[in-house]
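Heads up, the sequence shown is in the UniProt record's numbering, so the first residue is 1 and it goes up one at a time.
Glycine included, each C-beta is placed from N, C-alpha and C at the ideal position.
In this text, all values refer to a predicted model and were calculated from it rather than measured experimentally.
Report on one structure; see the data block that follows.
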Amino acid sequence: MMQLRRAFSNSKDSLKPITGRIDQFNCFHVDESSLDTSSFSNQIGCELVNWKAQFTAVWMSLSIKNSSLIQEACEQHGFKLHHAREDKIVLNQWLKEGDSKLPIYSTHNLGVGGVVLSPCKQKILLVQEQNNRILKDLWKFPGGLVDQGETLQEAVVREIQEETGISATYEGVIGFREQLNFRFGQGDLYFCCLLNAENTEITMQQEELQDAQWVDISLLNERKFYAMAGEVAIHLQAAYSRYGLDKNKFIDLMKSSTLNQRLDIVNGREQHYHLSQILRDTKLI
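Right under this line is the structure:
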């Protein structure tokens, strides 16, 4: 149970007590506002004695104004650097015997691409990036990185709108690619999503793209694609070649290829499940 509390009384009454909260894993999260920068070393040293008796680990986020405390916390009191963001640096310390069981920072980047079908279901939206020497002259699906706090659905709809001016309705995930040792040594997850366009007039984001076009699905083999976009294009064209004359069959095939999305709220947090048709139909999960 999450709670806000003081960690134990300091043995020295003159020291300001450090307050914080305890998470579900019995880790103590320091409230930065309770730190006394003038007597930080004594304050944190005294509290650590008590924390080791109570908690499995301690987390401490320091804003830029308190960044001068980092060296002291690490060199004198055993804290480790965990990660940094624009406005803060997060440290932690495992308080039990043995190797730390604390999770490392994010292991993957998360990206999305949109397979956007035109209203007539005969064309697909493709783009070429402006400032990417690797992707130069190669075609891909509009998309980009998922922002913090976004779902896959929100991210892909936003990216398509920003890059091309096309509003699209999300249908589901049709596949994903995992790449190891990508940016900063982290993995990269790229989710390919199916969407239906609500309009066709392209307003290209000039600073991001050098081209954006509606391309006939039957002519996809004439384009050079980057990575997963090429894999999806091959299967998309094959499906269209088989069912294209029967638009309903083609649309049904595309929709049946998507993972069905389900939203649960657990402990006040959104959990988004992307389930295959067969799992959804069994109603087991």
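Assign residue 164 to one of two classes, buried (16 or more other C-beta atoms within 10 Å of its C-beta) or exposed (fewer than that).
Residue 164 comes out buried.
Near residue 152, what residues of its chain come up, given a Cβ to Cβ distance below 7 Å and the 5 sequence neighbours on each side ignored?
Same-chain partners within the cutoff: 112, 146, 173, 191, 193.
For residue 209, which residues in the same chain have their Cβ closer than 7 Å to its Cβ, ignoring the five residues on either side in sequence?
These residues qualify, in order along the chain: 127, 128, 129, 130, 163.
Per DSSP, what are the beta-bridge partners of residue 79 in this structure?
For residue 79, which the question treats as bridged, DSSP gives no partner whatsoever.
Where residue 103 and residue 71 are concerned, what is the direct C-alpha to C-alpha distance, given to the nearest angstrom?
C-alpha separation (whole angstroms): 22 Å.
Kindly indicate the opening and closing residues of the alpha helix (DSSP H) around residue 295.
Nothing can be reported for residue 295: it is not among the residues displayed for the chain, which extend from 1 to 285.
Using the three-state DSSP reduction, which class does residue 14 fall into: helix, strand or coil?
In this structure, residue 14 counts as coil in the three-state DSSP scheme.
Smallest Cα separation from residue 62: which of 76, 175, 50, 89?
Among 76, 175, 50, 89, the Cα nearest to that of residue 62 belongs to 89.
Kindly indicate the opening and closing residues of the alpha helix (DSSP H) around residue 231.
From DSSP, the alpha helix (DSSP H) with residue 231 extends over 228-243.
Check residue 26 in the structure and name its three-state DSSP category.
Three-state result, residue 26: coil.
Going by the CB atoms, is the gap between residue 22 and residue 43 shorter than 8 Å?
Contact: no.
Between the alpha carbons of residue 285 and residue 269, how many angstroms are there, rounded?
Since pLDDT at residue 285 reaches only 39, below the 50 mark, its modelled position is unreliable, and the value read off the structure follows with that caveat. Cα to Cα, the separation comes out at about 18 Å.
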